[in-house]
Structure formats: structure tokens, C-alpha cells
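J.: This note's numbering puts the first residue of the sequence shown at 215, with every later residue one more than the last. In this text, a Cβ means the ideal position worked out from N, Cα and C, and glycines have one as well. Take a look at the following structure, please.
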Amino acid sequence: MLQFKFSDFDIECGTDEAGRGCLAGPVTAAAIILPEDFKLDFLNDSKQLSEKTREKLKPLIEEKAISFSVTHLEPLLIDEINILNASIKAMQESILKLKPIPNYIIVDGNRFKNTNNIPYSTIIKGDSKFMSIAAASVLAKTYRDEYMNRIHEEFPMYNWKKNKGYPTQEHREAIRKYGTTKYHRMSFRLLPEQLKLEF
Numbered sequence: 215m216l217q218f219k220f221s222d223f224d225i226e227c228g229t230d231e232a233g234r235g236c237l238a239g240p241v242t243a244a245a246i247i248l249p250e251d252f253k254l255d256f257l258n259d260s261k262q263l264s265e266k267t268r269e270k271l272k273p274l275i276e277e278k279a280i281s282f283s284v285t286h287l288e289p290l291l292i293d294e295i296n297i298l299n300a301s302i303k304a305m306q307e308s309i310l311k312l313k314p315i316p317n318y319i320i321v322d323g324n325r326f327k328n329t330n331n332i333p334y335s336t337i338i339k340g341d342s343k344f345m346s347i348a349a350a351s352v353l354a355k356t357y358r359d360e361y362m363n364r365i366h367e368e369f370p371m372y373n374w375k376k377n378k379g380y381p382t383q384e385h386r387e388a389i390r391k392y393g394t395t396k397y398h399r400m401s402f403r404l405l406p407e408q409l410k411l412e413f
């Protein structure tokens, strides 16, 4: 059963990201503040939910939230500052867009850097423990999936509509065959060592 809050602060937000392990597309973060009477059946860590359930939950979460925001950080920036820093930056930017500004932050995972003096806690598997992190994980995942569906139309040969940029065999085979795009993360190992990109 998901808990409502971690701290005793009155305005607590939860934040999470999606797309860290992908070869293409942005890393996407969401942050959210929920009302005290928040209740939503089926809400859980987005990885435990079907795509259909996530899509059903998304508008319900948005409707009930006091405030939420979503941030995409593009592959060029990921390559420049690395995926961990990009994930943290995306969460920080999402938090700063919330109104009211929270006075406590709970973060899924074990790494975070706070640049705005708001106290925080990192919680391993927080998306399966706290409502706000679970809700943020659903928003991050659904918004990122929508993004990948859009860029799939531009480069259908990679089948991002299905694999969402993750390193599936099909995706890697398409990289080997067609090369890379502006949406690929060049700092990632796009192909196993035994396969080489030919330019």
C-alpha cells in the first residue's frame, strides 16, 4: 500500500524520471504535489503498470494534483553532462516549475543534488512506496512515451513506438543498418562491441 507522505512538512513533492537506460530520446522527469485527500486505485510504480493503465491514470493524476510539471532533457545535453547529471537536472527543473514551491522533496532512487536549499530525501524504490513518487513516475513515463511516439513518425525504421528507445535487439539492428540520428545518445554504447557502425 502506497503511503501519502514521508515528511512532516506541509508541501511535499515527489519526483521521478524515465528513460535513463535508453539509447535514444530524452530523459524525462516529473514532479508533483498531491492533495491530502488524494486517492487513486491502481496507482503504483509505472514499471509495474501496463501502458493502457498508465494512460488511464495520467489524466486522473493531472486532474487531482495541486501542481505538476514535466521536463525533457535532450540527448545532446545528456552526452554533455552524462545521464546521471541529466536525470537529476530534469528533476530539479521540474521541481522549480511547481506552484506552490514545495518545502520538502522526496526523490526516487539514491542520488540527488539540491540546488535550491529545499530539504529532501532519496528513497530507493520510492515509486513503489509513496503516492507522489508513483504519480511522478507515471507522468514521466507517459510523457516520454508520447515523445517517442512522435519522433517514431520521423524515423520509423527504429520502431521507437514499440521499444521507446531502449536497447532492444531490433533497435540495435536498426542502428547497425541505418546508423544514428539526432535523437541517439552518442555517449552510450549503441552497439555491442562485436558490431561496428559504418560511416
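My assumption, with CB atoms under 8 Å, is that residue 307 sits in contact with residue 240. Please give the rounded CB distance.
T.: With 8 Å as the limit, residue 307 and residue 240 do not qualify as a contact, their Cβ atoms being about 12 Å apart.
J.: Just to confirm the assignment, what range does the beta strand (DSSP E) spanning residue 286 have?
T.: 281–287
J.: Our contact map puts residue 267 next to residue 245 with C-beta atoms below 8 Å; I'd like the distance itself, whole angstroms only.
T.: Rounded, the Cβ-Cβ distance is 21 Å, inconsistent with contact.
J.: Does residue 341 come out as helix, strand or coil in the three-state DSSP assignment?
T.: helix
J.: Can you tell me whether residue 251 is helix, strand or coil according to DSSP?
T.: coil
J.: Does the segment 260–277 come close enough to the segment 345–353 to have 3 or more Cβ pairs within less than 8 Å?
T.: yes
J.: Drop a sphere of 10 angstroms on the beta-carbon of residue 372, count the other beta-carbons inside from all chains shown, and report buried for 16 or more, exposed for fewer.
T.: buried
J.: Which residues share a DSSP beta bridge with residue 226?
T.: 318
J.: If you pair each beta-carbon of the segment 246–263 with each one of the segment 290–305, do three or more pairs fall below 8 Å?
T.: Fewer than three Cβ pairs drawn from the segment 246–263 and the segment 290–305 lie within less than 8 Å of each other, which leaves the two stretches out of contact.
J.: Evaluate contact between the segment 223–238 and the segment 339–349, counting only Cβ atoms and requiring at least three cross-stretch pairs below 8 Å.
T.: A contact is defined here as three or more CB-CB pairs under 8 Å, and the segment 223–238 meets this definition with respect to the segment 339–349.
J.: Please list, in chain order, all residues of the same chain as residue 243 whose beta carbon is under 6 Å from its beta carbon, the five residues on each side excluded.
T.: 231, 285, 304, 305, 308 and 354
J.: In this structure, how does DSSP classify residue 372 when only helix, strand and coil are distinguished?
T.: helix
J.: Starting from the C-beta of residue 221, find all residues in its chain whose C-beta is less than 6 Å away, skip the five residues before and the five after it, and write them out in chain order.
T.: Cβ within range, chain order: 318.
J.: Whole angstroms are fine: how far does the CA of residue 237 sit from the CA of residue 413?
T.: In this predicted model, residue 413 has a pLDDT of only 44, less than 50, meaning its place in the structure is not dependable; the value taken from the coordinates is given anyway. Cα to Cα, residue 413 sits roughly 18 Å from residue 237.
J.: When DSSP labels each residue in this structure, what does residue 297 get in the three-state scheme?
T.: In the three-state scheme derived from DSSP, where H, G and I count as helix and E and B as strand, residue 297 is classed as helix.
J.: Going by C-alpha distance, which of 234, 254 and 226 is nearest residue 247?
T.: 226
J.: Any idea what DSSP makes of residue 397, helix, strand or coil?
T.: coil
J.: Excluding the five sequence neighbours on either side, which residues of its own chain have a C-beta within less than 6 Å of the C-beta of residue 381, listed in chain order?
T.: 237
J.: When the distance is taken between beta carbons, is residue 278 closer than 8 Å to residue 356?
T.: no
J.: Could you work out which residue in 375, 398 and 316 is closest to residue 249 when comparing CA atoms only?
T.: Selected option, being the one with the closest Cα: 316.
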